[in-house]
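Beneath this line is the structure, given in structure tokens, with notes to follow.
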Amino acid sequence: MAPINNPVEVERQEWKKRQMKERLKQLLTVSSPIFMLLLWEVLSRTALIDPRFFPPPTAIITTFWELLASGELIHHIGVSLYRIFAGFLLGVIPGIVIGLLMGLYSPIRHFVQPIVMALMPIPTLALLPIIIILFGIGDLSKVVTIAGSVFFPVVINTAAGVLNIEPIHMDVAKNYGADSKDYFLKIAFPGALPVMLEGIQMGQAIALLTIVAAEMMGSVSGIGFLIWTSYKAFLLQKMYVGLILISFFGYLFSLLLRGLQRKILRWR
Numbered sequence: 001m002a003p004i005n006n007p008v009e010v011e012r013q014e015w016k017k018r019q020m021k022e023r024l025k026q027l028l029t030v031s032s033p034i035f036m037l038l039l040w041e042v043l044s045r046t047a048l049i050d051p052r053f054f055p056p057p058t059a060i061i062t063t064f065w066e067l068l069a070s071g072e073l074i075h076h077i078g079v080s081l082y083r084i085f086a087g088f089l090l091g092v093i094p095g096i097v098i099g100l101l102m103g104l105y106s107p108i109r110h111f112v113q114p115i116v117m118a119l120m121p122i123p124t125l126a127l128l129p130i131i132i133i134l135f136g137i138g139d140l141s142k143v144v145t146i147a148g149s150v151f152f153p154v155v156i157n158t159a160a161g162v163l164n165i166e167p168i169h170m171d172v173a174k175n176y177g178a179d180s181k182d183y184f185l186k187i188a189f190p191g192a193l194p195v196m197l198e199g200i201q202m203g204q205a206i207a208l209l210t211i212v213a214a215e216m217m218g219s220v221s222g223i224g225f226l227i228w229t230s231y232k233a234f235l236l237q238k239m240y241v242g243l244i245l246i247s248f249f250g251y252l253f254s255l256l257l258r259g260l261q262r263k264i265l266r267w268r
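Residue numbering for the sequence shown follows UniProt numbering, starting at 1 and increasing by one per position.
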């Protein structure tokens, strides 16, 4: 076959190859969970795995529609999403502000850093009994628990992002007479944004882990409550519905944040 000398044709061929690779990646991404579900279905139906503990996915889907039709599932999802979003915002906003202050001002960093380093290793769930004593067993205690879990990765990543900004940017801003507001909004915030968004990405994953455990203790609603009560009653199909929902929301939130990250950080 004769070599192609036309640059336009060469570029077209390269574009087709890239498109094929991208489609293959998408196919692999979709096919892997489908393969796992089919394998699970076959193993459960043939009793190669105990269907009492691993009911087939088709039975779990049937249970999902029954819970959805009864309104029970909508109630649990709504409660959990409210707690997740409220706790996420309550942890992210202070985390960003304090992280920016720590990165910009050395006295604040030296004052706050020991407190952050001392509290960060303590699992927020270990403090849940104290949080329940202070805030009760209602939504507020769950929101505070999630906020505490989300706060630390956000504040640490934000401070690290500010400290990684090239000093020349600070010097230029100083030479042009930038005030504290300019440093904060025009240099520190956009400069720390890439690392900050990674901390927020970690925070959303931690929020989902935390809400399940928090709703298992002192709660009468939510996806975690559904999982725990279904397990205790040996209603494992309902339990798997809750587990799959948490997995679904984790994947969905991750995609949304990654999309937001690509849109904001267009230069990367």
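Glycine included, every Cβ here is placed at the ideal spot set by N, Cα and C.
Beta-carbon contacts of residue i that lie in its chain and below 6 Å, excluding the five residues immediately before and after
i    : result
G250 : L208
F253 : Q204
M239 : I227, S230 and Y231
A159 : G99, M102 and G103
L245 : I223
V79  : S221 and G222
Classification of residue i by the beta-carbon crowding that lies within 10 angstroms, buried from 16 upward
i    : result
M20  : exposed
I132 : buried
M1   : In this predicted model, M1 has a pLDDT of only 46, less than 50, meaning its place in the structure is not dependable enough to derive any value.
Q13  : exposed
R83  : buried
A47  : exposed
Q201 : buried
K17  : exposed
G95  : buried
V30  : exposed
Cut-off 8 Å between Cβ atoms - residues of its own chain near residue i, not counting five sequence neighbours on either side
i    : result
E198 : N157
E66  : none
K142 : R83, G87, I211, A214, E215, S219 and G222
Collapsed DSSP secondary structure at residue i in the structure displayed
i           : result
R52         : coil
residue 282 : Only positions 1 to 268 of the chain appear in the structure, and residue 282 is not among them; the question remains open.
E14         : helix
E215        : helix
W164        : The amino acid at residue 164 is misidentified as Trp; the sequence shows Asn. Of the three classes helix, strand and coil, the one that applies to N164 here is coil, per DSSP.
P194        : helix
P123        : coil
V220        : coil
T46         : coil
I132        : helix
Under 8 Å between C-beta atoms of residue i and residue j
i    : j    : result
V155 : I115 : no
S44  : P51  : yes
Close beta carbons around residue i, own chain, < 7 Å, minus the five adjacent residues each side
i           : result
Q237        : P55, A59, I60 and T63
residue 269 : Residue coverage of the chain in this structure runs from 1 to 268, which leaves residue 269 outside it and unanswerable.
V92         : V150, V154, I200 and G203
Subject >> the segment 125-141 in contact with the segment 183-203 per 3-pair CB rule at 8 Å >> reply: No, because fewer than three Cβ pairs between the segment 125-141 and the segment 183-203 fall closer than 8 Å, the two stretches do not touch.
Original post:
Using 8 Å as the threshold, is the segment 252-268 in touch with the segment 225-235, meaning 3 or more CB pairs across them?
Top reply: no
Original post:
Three or more C-beta pairs closer than 8 Å, one from the segment 116-125 and one from the segment 61-75: is that the case here?
Top reply: No, they do not touch.
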